[in-house]
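Residue numbers (the numbering used here), protein chains in the order written: chain A, 15 to 283; chain B, 4 to 288. First comes the structure, then the notes that go with it.
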Ligand SMILES: [Zn+2]
């Protein structure tokens, strides 16, 4: 285990959101070689809250899809819409997943979003339909999918990249139905009760693993309040290597059936 | 409506009717226009205001009565209920209250029914039960309805009404979006028809899954349909929203709804759709 086993749920929320925490771009650079970014949904626009493309992992061709919050400057964050995708972002990711399926490439998703964007244009262009489309297609995609939640896994906007054969969370990542602020607001009409919300929501990797809602937790390495990115990357790379090997050996029908069974059993009675 | 829930009829008097849309008095003032209408007439017009076309919200039993052949509906999985998967404080109490006030087990009813003697599987969500939120019992019942449709080779018709996810079930609720989407995929792979009728309001996780995956998507006039709720959007963008934003008409204009169908015509429309898709009327009824 990593160094932070005693963290409270709220402390994990703060860590997952921390400005010091690396964003997807950093992981992409360090995990993959020959990365080529592919833009656009082929329908409307290019949504920069999601980075997509192809590259190699340990020499194996893969498709990479990642939510990117934008690091450092406000300009960069605005360009990425703070990691909250519009429908065209999900449609870009779907286009690239179908492309991956055609060429038998595994898909690696990095999830880091507060949630799908809530705005007028997002509704006009069918945010609900775009997310539904991803859930639908991913549930039957004929190629392996590994999703790793690296920071915030906010609701449907995160799930739209997480209908995967393996869902892993970094040790201090969170995954939730809504933000703790939104949760406190909806249930208690008091958005200041965030710590209490975080406690009851079961949004930490540790609690979600216990509930078998995610498959694995990936250890992080920290020194003096900063993530040791290279050491953490080593544990992520180890995780991908191990699971890619297992998933790529599976016959396609078996792979897709196993993925279906995994989601079918969540709350089967 | 009581014939749908014969078991529960006894307790009826103890329960509050405040969540049910049927007005107690003889006359009712329309929610939208100044029209005053006899309750009896309102029932004849399927809870649609004859003056302004306002569509009242319906309990599932009314929806079933207005849509399907009289007496044809046979409920399935009626006893299926969820528990408290995250041990969320007071969740059981909330569910019990919802059961008391709605006389339903959960925010969804599923069953087999017919329209003009053409059989189908139907799921009807219940907006009065914890705002029609999709907990795992709702996800499970929807999924079983898909599986039943596949087993019986029947089309599936869904009436949606939902505030979105069931907060108290957290990620268990979230995962239902994936589960029902995968179930619809199985249904589609067998070539069966899936028709969605969007009703007021349909939002959140239900919009971002089962509501937007129909072969054919119909909507009742003037329904609120969206991913994010209007209050969240106006808070996020700090603007007031334009009139008609996220209405059925707005969705149709933006290309997400096949047709807007008045409730008084829905039965006829569904009958035509079932027939065109090769549904066989039951013989010897
Ligand atoms: Zn009226």
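Even for Gly, the Cβ is constructed at its ideal location relative to N, Cα and C.
Boundaries for residue 22 of chain A: no beta strand (DSSP E) harbours it, and the DSSP string shows neither H nor E there.
Residue 242 of chain A and residue 152 of chain A have their C-alpha atoms spaced approximately 32 Å apart. Apart from sequence neighbours up to five positions away, the residues of its chain that approach residue 270 of chain A with a beta-carbon distance below 7 Å are 154 and 156, ordered along the chain.
Using beta-carbon distances, residue 146 of chain A counts as an interface residue toward chain B, with a partner under 7 Å. Residue pairing by DSSP places residue 183 of chain A opposite A:163 and A:231 in a beta bridge.
Among the residues of chain B, none has a CB under 8 Å from the CB of residue 46 of chain A; the nearest is roughly 26 Å distant.
Cβ proximity to chain A below 7 Å picks out nothing from the stretch 109-126 of chain B. With a threshold of 7 Å between beta carbons, residue 153 of chain A makes contact with chain B. The stretch 265-273 of chain B and the stretch 101-109 of chain B do not touch, with fewer than 3 CB-CB distances between them shorter than 8 Å.
Closer than 7 Å at the C-beta level to chain A, one finds these residues of the stretch 171-184 of chain B: 173, 174, 175, 176, 177, 178, 179, 180, 181, 182 and 184. With a cut-off of 6 Å, the C-beta of residue 59 of chain B is classified as distant from ligand 1, since no heavy atom of the ligand falls inside that distance.
Annotation for residue 224 of chain B: 56, 58, 251, 263 and 265 place their beta carbon closer than 7 Å to its own, counting only its chain and skipping 5 residues before and after. Nearest to residue 79 of chain A by alpha-carbon distance, out of A:134, A:59 and A:49, is A:49. For the C-beta of residue 163 of chain A, not a single chain B residue is nearer than 8 Å; the gap to the nearest is close to 11 Å.
For residue 113 of chain B, same chain residues with a beta-carbon under 6 Å away, outside a window of 5 residues either side, are 79, 80, 126, 144 and 148 in chain order.
In this structure, residue 115 of chain B sits near residue 77 of chain B, with a CB-CB distance shorter than 7 Å. Contacts between residue 216 of chain A and chain B, judged by CB atoms closer than 8 Å, involve 89, 173 and 174 in chain order.
Inclusion of residue 38 of chain B in the 6 Å shell around ligand 1 follows from its C-beta lying nearer than that to a non-hydrogen atom of the ligand.
Taking 8 Å as the upper bound for CB-CB distance, residue 197 of chain A and residue 211 of chain A are in contact here, some 4 Å apart. With its beta carbon at least 7 Å from every one in chain B, residue 208 of chain A lies outside the interface. The beta carbon of residue 68 of chain B does not come within 7 Å of any beta carbon belonging to chain A, so the residue lies off that interface. A direct Cα-Cα distance of roughly 20 Å separates residue 29 of chain A from residue 94 of chain A. DSSP lists B:39 as the beta-bridge partner residues of residue 32 of chain B. Contacts between residue 58 of chain A and chain B, judged by CB atoms closer than 7 Å, are missing: the closest CB pair is about 12 Å apart.
Per DSSP, the continuous alpha helix (DSSP H) segment holding residue 146 of chain B begins and ends at 139-155.
By the criterion of a C-beta distance shorter than 8 Å, residue 277 of chain A is surrounded in its chain by 153 and 177, once the five residues flanking it on both sides are discounted.
Using a Cβ-Cβ cut-off of 7 Å, residue 240 of chain B counts as an interface residue toward chain A, since at least one Cβ of chain A sits closer than that to its own.
In the three-state DSSP reduction, residue 94 of chain A falls in the coil class, being neither helix nor strand.
For residue 165 of chain B against residue 136 of chain B, the beta-carbon gap comes to about 6 Å, under 8 Å, which counts as contact. Going by beta carbons, residue 99 of chain A and residue 140 of chain A fall outside the 7 Å limit.
Rounded to the nearest angstrom, the Cβ distance from residue 180 of chain B to residue 227 of chain A is 13 Å, too far for a contact under 8 Å.
With a contact defined as Cβ atoms closer than 8 Å, residue 28 of chain B and residue 191 of chain A miss out at about 40 Å.
For residue 116 of chain A, the nearest beta carbon of chain B is not closer than 7 Å to its own beta carbon.
Cα atoms of residue 128 of chain A and residue 165 of chain A: separation of roughly 9 Å, rounded to the nearest angstrom.
Proximity of the beta carbon of residue 93 of chain A to ligand 1 is not indicated: no heavy atom of the ligand is located closer than 6 Å. In the structure shown, residue 132 of chain B falls within a coil segment according to DSSP collapsed to helix, strand and coil.
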